[in-house]
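Residue numbering for the sequence shown follows full-length UniProt numbering, beginning at 1 and increasing consecutively. Where a beta carbon is used, it is the ideal one built from N, C-alpha and C, also for glycine. Below is one structure, written out as structure tokens, with a few remarks after it.
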Amino acid sequence: MLITLPPDYKPSDDEAFMNPRQLAYFRQKLLRWRQDLLREAGETLSSMGQGGIVEADLTDRASVETDRALELRTRDRARKLISKIDQALERVDNGTYGYCEETGEPIGLRRLEARPIATLSIEAQERHERMERVHRDD
1 MLITLPPDYK PSDDEAFMNP RQLAYFRQKL LRWRQDLLRE AGETLSSMGQ
51 GGIVEADLTD RASVETDRAL ELRTRDRARK LISKIDQALE RVDNGTYGYC
101 EETGEPIGLR RLEARPIATL SIEAQERHER MERVHRDD
């Protein structure tokens, strides 16, 4: 079922959680985010493919190499983020999007608006982070 959203639509707590309009909204948000990341990755590839490092000065060369390494790390993070976006889109398709993987409770619209790939409610995320800190200190 294709749902057309008004351009100013924002999910609200006044409507049923993860109703078809909200699902369509978050699907569009995720798809736009994914498209932006892929476009940026393409731009990185084209700029890096424009030849090698031609700076004669060692300091300039080191600076360019550092910039490239940073850009590659950024692209690697973007690749991982695209994978998480794809997983979120799968959850939209199978009807589990917006619900905490740990508790099954709604994650909350404000959290999803800020982090559309969230899989845990704020409470579950905080518990998870506390457990990580405890085990990291061991």
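Quiz item: What's the C-alpha gap between E132 and I85?
Solution: 24 angstroms
Self-check item: Closest by C-alpha distance to A69, when choosing among K80, T44, Q87, E90
Solution: Here the closest residue by C-alpha is T44.
Exercise. Could you give the DSSP three-state label for P20: helix, strand or coil?
Key: helix
Practice problem: Would you kindly check if the distance between the Cβ of V92 and the Cβ of R21 is under 8 angstroms? | Solution: no
Exercise. Go through its chain and collect everything with a Cβ distance to E102's Cβ below 7 angstroms, but skip five positions before and after it.
Key: L120, A124
Quiz item: Per DSSP, Y99 is paired with what?
Solution: P106
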